[in-house]
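Below: the structure, in structure tokens.
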Amino acid sequence: MKKKIKNPTLPQNEANKQKKHKIAAILIVLFLIVPTTLLLCSVVGFAIYANAQQIDENLLPTASAVPTFFDVNGNKVSIFEDDFLSPSEVPDALKYAFISTEDKRYEKHNGVDVIRIGGAILHDIKAGKAVEGGSTITQQLVKNTHLTHERTFKRKLKEIALALKLEKEYSKDEIMSMYLSVIYFGNGLYGVKQAAKYYFEKDVQELTVAECATLAAIVKNPSKYSPNKNAEASKNRRNLVIDKMCEQKYISKELADAEKSKPVISTSKEENSSKILNEQDVKLYFDSVVQEVCKNLNVTKYQLLNSGYEIYTDFNPTIQTMLVSEQNKDENEDGVHRSYILLNSDGKVLAYS
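All letters in the sequence shown, in the order written, are residues 271 to 623 by the working numbering.
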């Protein structure tokens, strides 16, 4: 009778299987617990960080906070007006033009649009570079009033934290009015009041739907979509904004078609072009002053223009008038546009055109 011989490898195989199961279980636990723990820590950490951020009311746009500029003779130069737009002054067409193109879930989110951020990340991954912005109108406001424009992760976190805080302290209408008071419209123009006057020679309340859409189009890329520099691109972008307003049910299809058929810039702007040009010559001088002061004080242009400071300059209005006169004379003779800067022996800029 033959003896039955047991397979000596069976116990070893069983032990190996049990060992593999234990390792797999440990890995599963690690994969579940570690990310969850990190996520919770991140959320708690960000909550603490966000709570530590404070909205500085002095940096938010208010009435009568513009600095006062003085010329070389000590006379006041009224170059930057009070550009604050109160909530009651914001036309619906203007508000909806910006919501449609800049932040379509503006009235629903709490300062940060998670859906939009996710979409922006997907667009960036597909493009292989950063091409899509994820900032809400609230984030754009705090970026312009409280932060520098450096591209760092820490600055982005602070932007998000401040946006969440701002939404708790101010209404949507208040945030919208502040945003429209500070956003950049190209040509040295900050705030929709300046932009409406410069591009259309109108008060904000007089703007048509097409003009509101034009202003909303500009902020995407002020140099590319400026109506007086690139009318065709401006019109195409404006019409896209109007289409978005229609898609989101803010205006009817009939109104959208009628507004898209209008010219991109008003005739009143063309009639007053020489007057505006002379004003812009002076404004360009003071823009250069603002840039220098911002650099020295390490503040943004918006922060300076809402500081209430008194700023004394070497601007000479008599020489400025002479310089513009000579410039116009030269252009009338040969049609060539020239720019002039006049300095004294100390290198101080007296006039600019």
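Note that CB positions come from ideal geometry on N, CA and C, so glycine has one too.
Keep in mind the model is a prediction, meaning the values are calculated, not measured.
Item, Value
"Start-to-end residues for the beta strand (DSSP E) that takes in T406", "Note, T406: premise wrong, no beta strand (DSSP E); not H, not E."
"T570 in three-state terms, based on DSSP", "coil"
"Inter-residue spacing [alpha-carbon to alpha-carbon] between N576 and P337", "7 Å"
"Distance between Q409 and F455 (C-alpha atoms, nearest Å)", "18 Å"
"Meets three-Cβ-pair contact criterion under 8 Å: the stretch 375-382 and the stretch 462-472", "no"
"Outcome for Q464 when other beta-carbon atoms lying within 10 angstroms are tallied against a minimum of 16", "buried"
"Buried or exposed (CB count within 10 angstroms, at least 16 for buried), S451", "buried"
"Proximal residues to S405 (C-beta, below 8 Å), its chain only, five neighbours per side dropped", "K413 and E429"
"Cutoff 9 Å: K499 Cβ touching any chain D Cβ", "Of the protein chains in this structure there is only one, and it is not chain D."
"Cβ-based burial, N566 [other Cβ within 10 Å; buried from 16]", "exposed"
"DSSP bridge partner residues for R347 (one or two, in chain order)", "It is Val, not Arg, that sits at residue 347 in the sequence shown. In the DSSP output, where bridge partners are listed per residue, V347 has F339."
"Exposure label - I445; buried when at least 16 CB within 10 Å", "buried"
"Beta carbon of Y582 nearer than 9 Å to that of F339", "yes"
"Sequence-distant residues of its chain with Cβ nearer than 7 Å to E439 (five each side left out)", "I325"
"Segment contact, 8 Å Cβ cut-off, at least three pairs: the stretch 418-426 with the stretch 550-565", "no"
"Proximity of F368 and Y460 at Cβ, strictly below 9 Å", "no"
"Other residues of its chain near E529: CB distance less than 6 Å, five sequence neighbours each side excluded", "V479, A480 and I512"
"First through last residue of the beta strand (DSSP E) which encompasses I581", "E580 to Y582"
"I430, enclosing alpha helix (DSSP H) - first and last residue", "F423 to E439"
"Alpha carbon of N506 to alpha carbon of K519, nearest angstrom", "20 Å"
"Between the CA atoms of N328 and N568 - distance to the nearest angstrom", "16 Å"
"Cutoff 7 Å; reference E517; Cβ partners in own chain excluding five residues on either side", "none"
"Range covered by the alpha helix (DSSP H) that runs through N509", "A501 to E517"
"Assigned exposure category for P497 - 16 Cβ within 10 Å defines buried", "buried"
"Short Cβ contact (9 Å threshold) for C482 with P331", "no"
"Pick from V474, L574 and S348 that is closest to L355, judged by C-alpha positions", "V474"
"I535 versus A501, Q561 and M515, residue with shortest Cα-Cα distance", "A501"
"Pick from T570, K365 and N491 that is closest to V462, judged by C-alpha positions", "K365"
"Proximity to P533 [Cα-Cα], best of S493, M592 and T484", "T484"
"Beta-carbon proximity list for K374, same chain, < 7 Å, skipping 5 on both sides", "Q518"
"Same chain, Cβ closer than 7 Å to S531, five either side skipped, listed in chain order", "none"
"D584 and V342 closer than 9 Å at C-beta", "yes"
"For P357 and L436, the rounded distance between their alpha carbons", "16 Å"
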